[in-house]
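What follows is a single structure, written as structure tokens, with notes after it.
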Amino acid sequence: MRPTQIPQTYRVKSFGCQMNVYDGERMAELLAEQGITAAPDGEEADLVVLNTCHIREKAAEKVYSDIGRLRRADGSSPLIAVAGCVAQAEGDEIMKRAPAVQMVVGPQAYHRLPEMIREATGGKRVTDTDMPAQTKFGALPKRKRSGPAAFLTVQEGCDKFCTYCVVPYTRGAEVSRPHADLVDEAKRLVDAGAREISLLGQNVNAWTGEDAKGRTIGLDGLIRELAEIPDLARIRYTTSHPNDFTEGLIAAHGEVDKLMPFLHLPVQAGNDRVLKAMNRSHTAESYLKVLEKVRAARPDIALSGDFIVGFPGESDAEFEDTLALVDTVRYAQCFSFKYSPRPGTPAATMDGQIPAEVMTERIMRLQAALGRDQTAFNKASVGKTCQVLVERRGKLPGQWLGKSPWLQSVYFDGDVAIGDMVTVELTEGGYNAVSARLLGPVPA
Ligand code: 5AD
Ligand code: SF4
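Following this note's numbering, the numbering of the sequence shown begins with 11 at its first residue and continues without gaps.
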């Protein structure tokens with residue numbers, strides 16, 4: 011039996027990257043505007059949106075098992091929408107294989123959810139994976155709610171076509187949201203309680219727009235302008251590509267106090283032949299050069315990256331170049347992945363696919379090196395006094411969790427509230443987090 015009533019409650023489950031988290035929030039706001047309310051924790055929802063990720067292994071299988079788990083004891087299911095990148099890439103297949111799914115909606119089409127829900131409850135199964143030139147953002151409700159640390163998508167899509175990556179296919183071509191819309195959304199988020207905004211984009215440093223005076227500006231110009239919002243204390247951005255790293259953005263790291271000393275700049279591999287086969291269009295050296303310049307502008311910057319081990323054809327010696335690069339950079343934190351063939355991408359059919367056990371051995375060695383550096387970074391920060399934005403309660407009574415400027419998770423005790431910006435002294439560093447002693451509120 012398929013639901014025929016307009017749902018009263020919803021649950022949005024987002025997987026994958028921060029951009030999906032952002033999309034999930036916006037879908038939730040859109041549903042709330044329709045009078046549909048969030049299902050309380052632990053209770054079944056009338057409508058479930060699975061906001062999926064397609065970047066790596068077994069994403070599609072996971073979606074099918076999630077759909078299966080939504081089936082109730084009496085055999086009925088909630089109204090199910092599959093959204094996100096798996097919906098975009100495999101929408102038709104999902105409709106064929108999963109009769110319980112009534113809506114498939116791509117990342118560029120979710121502003122149409124209310125209409126789709128009406129059609130679905132009228133008995134239709136609806137798919138919308140269009141990528142219209144006009145972006146969805148204008149059709150979404152204005153932001154009214156925010157936690158202390160907010161996301162703001164400024165740019166979507168990617169034109170880089172790295173040979174392993176599905177993003178250019180699932181998220182489409184690079185599109186920058188207009189400057190005025192972003193300034194407006196940022197101000198609304200701050201009015202709603204945000205003290206920190208992370209600007210998001212698959213290729214965020216390719217953002218470009220026209221400011222109020224008609225001048226073409228880049229991400230650095232946008233950051234400088236957002237830094238003028240009085241109650242906004244912190245700005246971050248992610249994810250960048252080494253080739254779009256402008257001198258202006260490097261300078262902003264040295265000049266804009268509100269721009270946090272943290273940079274996530276994926277490199278993927280340390281060997282130039284592998285980088286070429288990945289179509290990364292940078293070398294290990296040109297990547298290191300960018301980091302050197304950013305470090306010169308902001309000496310305390312914490313560095314982060316992404317790595318893929320076991321790209322097709324990667325030899326043992328080529329993998330050693332990745333370890334050597336890690337030794338050179340000394341990252342504060344990193345993500346590392348085993349290469350996963352993505353259907354439709356050039357690398358999926360390349361010769362020299364790497365056996366699973368080699369992949370496992372390489373990722374273990376890489377993660378051991380990255381873990382060593384991450385722990386060392388956290389230990390080296392002990393004794394520093396810094397500001398922490400309080401984001402939530404910790405697990406222990408009286409304990410709070412916030413982020414340091416260098417994006418470390420910081421635990422401390424004290425009389426504070428979520429959203430406070432406080433001063434702490436970092437007292438102990440481990441692999442995943444840092445402990446701290448509360449010194450007091452940040453002077454206004
Ligand atoms: N296999 C493994 N990792 C991948 N990534 C992207 N595509 C793949 C893939 N096919 C990783 C990259 C990217 C991050 C978001 O996910 O490291 O930077
Ligand atoms: Fe994917 Fe490469 Fe674009 Fe990043 S830059 S989203 S890895 S194609």
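Heads up, the beta-carbon is just placed ideally off N, CA and C, and yes, glycines get one too.
Whether residue i touches residue j by CB criterion (8 Å)
i	j	result
A93	L40	no
Q377	S419	no
E235	V193	yes
T293	H274	no
D230	L259	yes
V392	T437	yes
D423	L449	no
A202	K154	yes
A287	G323	yes
P415	P276	no
A70	S87	no
L89	D56	yes
T131	Q15	yes
K146	A183	no
Q28	F171	no
I65	G26	yes
V300	F255	yes
T338	T395	no
I318	A366	no
Cβ-heavy atom distance, residue i to ligand 1, below 7 Å
i	result
P276	yes
R66	yes
S9	Since the first and last residues shown for the chain are 11 and 454, residue 9 lies out of range.
S350	yes
F347	yes
I90	no
R316	Just to set this straight, residue 316 is Asp in the shown sequence, not Arg. Yes - ligand 1 has a heavy atom lying nearer than 7 Å to the Cβ of D316.
Cβ-heavy atom distance, residue i to ligand 2, below 7 Å
i	result
C172	yes
C175	yes
N213	yes
P178	yes
C63	no
C344	no
C168	yes
Reduced DSSP secondary structure (H/G/I, E/B, other) of residue i
i	result
C27	coil
Q278	strand
E367	helix
T293	coil
N213	coil
R128	helix
D284	The amino acid at residue 284 is misidentified as Asp; the sequence shows Val. Residue state, collapsed to three classes: helix.
P17	coil
N442	coil
M37	helix
F321	coil
V22	strand
A454	Residue confidence for A454 is low, a pLDDT of 48 falling below 50, so the modelled location carries little weight and cannot support an answer.
Q98	helix
V392	coil
Y74	helix
Q343	strand
R246	strand
G381	helix
M374	helix
I311	coil
K68	coil
G219	strand
Cβ separation of residue i and residue j, assumed to be a contact under 8 Å, to the nearest whole Å
i	j	result
L380	V336	6 Å
T355	V176	6 Å
I364	Y349	7 Å
V284	E328	5 Å
M431	Q397	6 Å
F357	T173	Looking at the sequence provided, one finds Ala at residue 357 rather than Phe. Indeed, because the Cβ distance is near 4 Å, the residues count as touching under 8 Å.
L123	R244	Not quite, the Cβ-Cβ distance comes to about 32 Å (not below 8 Å), so this is no contact.
V164	W217	5 Å
V22	M37	5 Å
M113	A91	4 Å
P151	E43	5 Å
H121	A149	4 Å
Minimum Cβ-Cβ distance from residue i to chain D less than 8 Å
i	result
E328	In the structure shown, chain D does not exist; there is a single protein chain.
Heavy atom of ligand 4 within 7 Å of residue i beta-carbon
i	result
R122	Although ligand 4 was asked about, the structure shown includes only ligand 1 and ligand 2 as ligands.
ask   = Of all the beta strand (DSSP E) runs that stay within the bounds of the region 130–204, which reach a length of 3 or more residues?
value = 136–138 and 159–163
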